[in-house]
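J.: One structure, pasted below without further comment.
Protein chains: 2
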Amino acid sequence: MLIADPQDPRLDDVRDLNKSDKSGEGLVIAEGHLVVSRLVASRFPVHCIVGFASALEHYVDTYGEPGCPMYEVDRETLAQVVGFDMHRGLVAAADRVAPLSVAEAIQGAKTIAILEGVGDHENIGSLFRNAAGMDVDAVLLGAGAADPLYRRSVRVSMGHVLRLPCARFDGGFTTWQRNLELLASEGFHLVSLTPDENAVHLAEAMAGHSKVALMVGAEGPGLTEHAMRATHVRARIPMAPGTDSLNVATAAAIAFYERQRSLL
Amino acid sequence: MLIADPQDPRLDDVRDLNKSDKSGEGLVIAEGHLVVSRLVASRFPVHCIVGFASALEHYVDTYGEPGCPMYEVDRETLAQVVGFDMHRGLVAAADRVAPLSVAEAIQGAKTIAILEGVGDHENIGSLFRNAAGMDVDAVLLGAGAADPLYRRSVRVSMGHVLRLPCARFDGGFTTWQRNLELLASEGFHLVSLTPDENAVHLAEAMAGHSKVALMVGAEGPGLTEHAMRATHVRARIPMAPGTDSLNVATAAAIAFYERQRSLL
Numbered sequence: 001m002l003i004a005d006p007q008d009p010r011l012d013d014v015r016d017l018n019k020s021d022k023s024g025e026g027l028v029i030a031e032g033h034l035v036v037s038r039l040v041a042s043r044f045p046v047h048c049i050v051g052f053a054s055a056l057e058h059y060v061d062t063y064g065e066p067g068c069p070m071y072e073v074d075r076e077t078l079a080q081v082v083g084f085d086m087h088r089g090l091v092a093a094a095d096r097v098a099p100l101s102v103a104e105a106i107q108g109a110k111t112i113a114i115l116e117g118v119g120d121h122e123n124i125g126s127l128f129r130n131a132a133g134m135d136v137d138a139v140l141l142g143a144g145a146a147d148p149l150y151r152r153s154v155r156v157s158m159g160h161v162l163r164l165p166c167a168r169f170d171g172g173f174t175t176w177q178r179n180l181e182l183l184a185s186e187g188f189h190l191v192s193l194t195p196d197e198n199a200v201h202l203a204e205a206m207a208g209h210s211k212v213a214l215m216v217g218a219e220g221p222g223l224t225e226h227a228m229r230a231t232h233v234r235a236r237i238p239m240a241p242g243t244d245s246l247n248v249a250t251a252a253a254i255a256f257y258e259r260q261r262s263l264l
Numbered sequence: 001m002l003i004a005d006p007q008d009p010r011l012d013d014v015r016d017l018n019k020s021d022k023s024g025e026g027l028v029i030a031e032g033h034l035v036v037s038r039l040v041a042s043r044f045p046v047h048c049i050v051g052f053a054s055a056l057e058h059y060v061d062t063y064g065e066p067g068c069p070m071y072e073v074d075r076e077t078l079a080q081v082v083g084f085d086m087h088r089g090l091v092a093a094a095d096r097v098a099p100l101s102v103a104e105a106i107q108g109a110k111t112i113a114i115l116e117g118v119g120d121h122e123n124i125g126s127l128f129r130n131a132a133g134m135d136v137d138a139v140l141l142g143a144g145a146a147d148p149l150y151r152r153s154v155r156v157s158m159g160h161v162l163r164l165p166c167a168r169f170d171g172g173f174t175t176w177q178r179n180l181e182l183l184a185s186e187g188f189h190l191v192s193l194t195p196d197e198n199a200v201h202l203a204e205a206m207a208g209h210s211k212v213a214l215m216v217g218a219e220g221p222g223l224t225e226h227a228m229r230a231t232h233v234r235a236r237i238p239m240a241p242g243t244d245s246l247n248v249a250t251a252a253a254i255a256f257y258e259r260q261r262s263l264l
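As you go down the protein sequences, you meet chains S and X in turn.
Sequential numbering from 1 applies to the first sequence in UniProt numbering.
Sequential numbering from 1 applies to the second sequence in UniProt numbering.
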């Protein structure tokens, strides 16, 4: 259905994307064909897909009918509505839904990533992309971890924040400890990742465990001592002298790779 | 020395950083204390360091006298000169110098990264950061690889583009092949990284070689067939079904990690 008026309220879901994240409005935004297809396939109920005629046609040809309204707009209208020139010409909005509980997210999981204090939306997105690519089954968010459903995280994750089971630990020290104890009682070997030279090599920390939960912290400060103390082992990726610790999503990717490798 | 006039020509080296990359002027720009210190320690001759009084003082306290002019400016002047508000309050400019030859760059090297067509400055920067952190001795740039000395690459690399030996293969198919043959004749085991499921696991491709050259290609297209054909083995990082190949700097980081691990 062609919409020519940029003020049309049916376009409100994707209005001013560069000004507000729409999270406050309870929405999740997906951009581009691949990510929109992942939104459509996710548990989030899609309101609408908005795009150029050619982009909508290409979407249906590639992924089939999405089961939601599709609004056709021209390039100028889309730019006015979203607030910038959207080259890919396809954007979708969905409702946020109730988050999973920790128990739901880890159901059947063999490999889990736990994030403490990773506040950067791009890092969160990269981490989900890497986790999905290397067979991580769920991501748990501890204190200070940013919202993975922000538009930027959705985009950087290539939509994997929409697919990978994810739950948030309740706040507070006691609950954080209790959650890790719960994971341990479920048979998870808890590994914290740290640049500390006294930690064991990642390969040694991972070997021989059927269920592993890997915890990473914010770039810079890293994991807090109380978080690390609640894990079974501290693992490190050996770094050359005079260099800096790796980006958190990169370090996590290496750990996910090592986990996969330990199961070969 | 305090400079109060934003038009002072002594500040020209760091003028309008957001408009031009200064590469056209033959300059390399470093921002922030750590990266400036790496520029000062590099083979690039530093023209000047410009910064807030407190930032300059902190620099000298931490890294010692840099052996080049230091110009003190206030926050407003610096913002006017560089073209944006520079929170870290410290920036330095150096001359570009003649690039190393391939033979110079690989002198004594046991592990080399080769980039084909990695055109994104952020990816190039991340790749250097990861290479430096995990004991890669040199980076060689093939056809289409972006300039690692762009300001954005310098920043993302945390200054490691200024430290790690780097050379550019001459253009053209023949030379590219010849360069790889040269590396092979120097005893390097040539490994190309690909998502191709027929490739061998990265660990298998790396094991048992004293000298390894690892080749990666641009995100999206990956390595060209002719580049891969010139290597000894094609290696893959196993990916979960229905996911996307990793970011090139992330994939390279995993390969650098595996290389280090193979030498344990």
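Beta carbons: idealized from backbone N, C-alpha and C, even for Gly.
Could you work out which residues of chain S lie near Asn-130 (chain X), taking near to mean beta carbons separated by less than 7 Å?
T.: If you number the second sequence from 1, residue 130 (chain X) lands on position 130. Neighbours of Asn-130 (chain X) on chain S, chain order: Leu-246 and Thr-250.
J.: For Arg-88 (chain X) and Glu-31 (chain X), which I take to be in contact (beta-carbon distance under 8 Å), what is that distance rounded to the nearest angstrom?
T.: As a working note, residue 88 (chain X) is residue 88 in the second sequence. As a working note, residue 31 (chain X) is residue 31 in the second sequence. Taking 8 Å as the upper bound for CB-CB distance, Arg-88 (chain X) and Glu-31 (chain X) are in contact here, some 6 Å apart.
J.: With a cut-off of 9 Å, does the C-beta of Asp-135 (chain S) fall near any C-beta of chain X?
T.: As a working mapping, residue 135 (chain S) is identified with position 135 in the first sequence. So yes, Asp-135 (chain S) belongs to the interface.
J.: Between the Cα of Val-28 (chain X) and those of X:Val-91, X:Val-60 and X:Thr-175, spot the shortest distance and give me the residue it belongs to.
T.: Your numbering for residue 28 (chain X) matches position 28 in the second sequence. Answer by Cα proximity: X:Val-91.
J.: Can you give me the start and stop residues for the alpha helix (DSSP H) that Cys-63 (chain S) sits inside?
T.: As a position in the first sequence, residue 63 (chain S) is number 63, starting the count at 1. For the sequence presented, residue 63 (chain S) should be read as Tyr rather than Cys. It spans 53-63 - the alpha helix (DSSP H) in which Tyr-63 (chain S) sits, taken as one unbroken run.
J.: How would you write the range of the beta strand (DSSP E) that His-189 (chain X) sits in, first residue to last?
T.: Stepping through the second sequence from its first residue, residue 189 (chain X) is reached at position 189. Residues 189-193.
J.: DSSP has Met-70 (chain S) in a bridge; who is on the other side?
T.: Taking the first residue of the first sequence as position 1, residue 70 (chain S) is located at position 70. Partner(s): S:Ile-49.
J.: Within a Cβ cutoff of 6 Å, which residues of the same chain sit near Ala-79 (chain S), ignoring the five residues on either side of it in sequence?
T.: As a first step, residue 79 (chain S) is located in the first sequence; it is residue number 79 there, counting from the start. The answer, listed in chain order, is Asp-85.
J.: Determine which residues share a DSSP beta bridge with Val-139 (chain S) and list them.
T.: Start at 1 with the first residue of the first sequence, and residue 139 (chain S) comes out as number 139. Answer is S:Ala-113 and S:Cys-166.
J.: So is Ser-153 (chain S) in contact with chain X if we call contact Cβ pairs under 9 Å?
T.: Stepping through the first sequence from its first residue, residue 153 (chain S) is reached at position 153. With 9 Å as the cut-off, Ser-153 (chain S) does not count as an interface residue toward chain X.
J.: With a threshold of 9 Å between beta-carbons, can Thr-175 (chain S) be considered close to chain X, or not?
T.: Taking the first sequence and counting its residues from 1, one reaches residue 175 (chain S) at position 175. It does not; no Cβ of chain X falls within 9 Å.
J.: How many Å lie between residue 268 (chain X) and Val-36 (chain X) at the Cα?
T.: Nothing about residue 268 (chain X) can be read from this structure; chain X reaches only from 1 to 264.
J.: Inspect the beta-carbon positions of Asp-120 (chain S) and Ala-218 (chain S) and report whether they are closer than 9 Å.
T.: Counting from one through the first sequence, the residue named residue 120 (chain S) turns up at place 120. Counting from one through the first sequence, the residue named residue 218 (chain S) turns up at place 218. In contact: Asp-120 (chain S) and Ala-218 (chain S) (Cβ atoms closer than 9 Å).
J.: Measuring alpha carbon to alpha carbon, tell me which residue in S:Asp-12, S:His-189, S:Asp-244 and S:Ala-205 is nearest Val-82 (chain S).
T.: For the purposes of this step, residue 82 (chain S) is taken as the residue at position 82 of the first sequence. Nearest to Val-82 (chain S) by alpha-carbon distance, out of S:Asp-12, S:His-189, S:Asp-244 and S:Ala-205, is S:Asp-12.
J.: Please state whether DSSP places Val-82 (chain X) in a helix, a strand or coil.
T.: Numbered from its first residue, the second sequence carries residue 82 (chain X) at position 82. Of the three classes helix, strand and coil, the one that applies to Val-82 (chain X) here is helix, per DSSP.
J.: Beta-carbon separation of Val-200 (chain S) and Thr-231 (chain S) under 9 Å?
T.: Taking the first residue of the first sequence as position 1, residue 200 (chain S) is located at position 200. Taking the first residue of the first sequence as position 1, residue 231 (chain S) is located at position 231. No. Outside cutoff.
J.: Would a check of beta-carbon distances place Thr-77 (chain S) closer than 9 Å to chain X?
T.: The sequence position of residue 77 (chain S) within the first sequence is 77, counting from 1. Chain X, which has no Cβ nearer than 9 Å to the Cβ of Thr-77 (chain S), makes this no.
J.: Is the beta carbon of Arg-261 (chain S) closer than 9 Å to that of residue 265 (chain X)?
T.: Residue 265 (chain X) falls outside the range modelled here, since chain X spans only 1 to 264, and no answer is possible.
J.: If you run the structure through DSSP and keep just helix, strand and coil, what is Ile-254 (chain S)?
T.: One-based indexing of the first sequence puts residue 254 (chain S) at position 254. DSSP, read as helix, strand or coil, puts Ile-254 (chain S) in helix.
J.: Using a cut-off of 8 Å between C-beta atoms, extract the partners of Gln-260 (chain S) located in chain X.
T.: In the first sequence, counting from the first residue as 1, residue 260 (chain S) sits at position 260. Residues of chain X passing the Cβ test: Pro-238.
J.: For the stretch 106-116 of chain S against the stretch 125-140 of chain S, do three or more pairs of beta-carbon atoms, one drawn from each stretch, fall closer than 8 Å, so that the two count as touching?
T.: Using a Cβ-Cβ distance cut-off of 8 Å, the stretch 106-116 of chain S and the stretch 125-140 of chain S are in contact, since at least three pairs of beta carbons, one from each stretch, lie closer than that value.
J.: Does DSSP put Val-36 (chain X) in a helix, a strand or coil?
T.: In the second sequence, the residue the question calls residue 36 (chain X) occupies position 36. Note: Val-36 (chain X) maps to helix in three-state DSSP.
J.: Tell me the residue span of the alpha helix (DSSP H) that contains Val-156 (chain S).
T.: As a first step, residue 156 (chain S) is located in the first sequence; it is residue number 156 there, counting from the start. Element bounds for Val-156 (chain S): 151-156.
J.: Would you identify the three-state DSSP class for Asp-12 (chain X), choosing helix, strand or coil?
T.: Sequence index remark: in the second sequence, residue 12 (chain X) carries index 12 (1-based). Helix.
J.: Give me, in chain order, the residues of the same chain whose beta-carbon lies closer than 6 Å to that of Lys-211 (chain X); leave out the 5 immediate sequence neighbours on both sides.
T.: Indexing the second sequence from 1 puts residue 211 (chain X) at position 211. By the criterion of a C-beta distance shorter than 6 Å, Lys-211 (chain X) is surrounded in its chain by Lys-110, Gly-187 and Phe-188, once the five residues flanking it on both sides are discounted.
J.: Do Leu-127 (chain S) and Ala-252 (chain S) count as a contact pair if the criterion is CB distance below 9 Å?
T.: For the purposes of this step, residue 252 (chain S) is taken as residue 252 along the first sequence, with counting starting at 1. For the purposes of this step, residue 127 (chain S) is taken as residue 127 along the first sequence, with counting starting at 1. For Ala-252 (chain S) and Leu-127 (chain S), yes; Cβs fall inside 9 Å.
J.: CA-CA distance, Val-161 (chain S) and Thr-243 (chain S)?
T.: Position 161 of the first sequence, counting from 1, holds the residue named residue 161 (chain S). Position 243 of the first sequence, counting from 1, holds the residue named residue 243 (chain S). Their backbone Cα atoms lie some 31 Å apart in a straight line.
J.: Does the beta carbon of Thr-62 (chain S) come closer than 9 Å to any beta carbon on chain X?
T.: Residue 62 (chain S) sits at position 62 when you count from the first residue of the first sequence. Judged by the 9 Å Cβ criterion, Thr-62 (chain S) is not in contact with chain X.
J.: Return the chain-ordered list of same chain residues with a C-beta closer than 8 Å to the C-beta of Phe-52 (chain X), the five sequence neighbours on each side being excluded.
T.: As a working mapping, residue 52 (chain X) is identified with position 52 in the second sequence. Excluding residues within five positions, the ones whose Cβ falls inside 8 Å are Glu-72, Val-73, Asp-74, Arg-75, Leu-78, Gly-89 and Leu-90.
J.: So what does DSSP say about Ala-207 (chain X), is it helix, strand or coil?
T.: For the purposes of this step, residue 207 (chain X) is identified with residue 207 of the second sequence, where counting begins at 1. When secondary structure is reduced to three states using DSSP, Ala-207 (chain X) falls in the coil class, being assigned neither helix nor strand.
J.: Just to confirm, is the Cβ distance from Ile-237 (chain S) to Ala-255 (chain S) under 9 Å?
T.: Numbered from 1 along the first sequence, position 237 holds the residue referred to as residue 237 (chain S). Numbered from 1 along the first sequence, position 255 holds the residue referred to as residue 255 (chain S). Contact flag set, yes.
J.: Between Met-158 (chain S) and chain X, is the shortest Cβ-Cβ distance under 9 Å, so that the two count as touching?
T.: If you number the first sequence from 1, residue 158 (chain S) lands on position 158. Yes, because at least one Cβ of chain X sits closer than 9 Å to the Cβ of Met-158 (chain S).
J.: Quick one: does Ile-254 (chain X) have its CB under 9 Å from some CB of chain S?
T.: Here residue 254 (chain X) refers to the residue found at position 254 of the second sequence. Closer than 9 Å: yes.
J.: Helix, strand or coil, according to DSSP, for Ile-29 (chain X) in the structure here?
T.: Locating residue 29 (chain X) in the second sequence gives position 29, counting from the first residue. Residue state, collapsed to three classes: strand.
J.: Does any residue of chain S have a CB that is nearer than 9 Å to the CB of Thr-194 (chain X)?
T.: The residue given as residue 194 (chain X) occupies position 194 in the second sequence. No Cβ of chain S is located within less than 9 Å of the beta carbon of Thr-194 (chain X).
J.: Cutting at 8 Å between CB atoms, please list the residues of its own chain near Ser-245 (chain X), excluding the five before and the five after it.
T.: Translated into positions along the second sequence, residue 245 (chain X) becomes position 245. Once the five neighbours on either side are set aside, the close Cβ partners of Ser-245 (chain X) are Pro-195, Glu-219, Gly-222, Met-239 and Ala-251.
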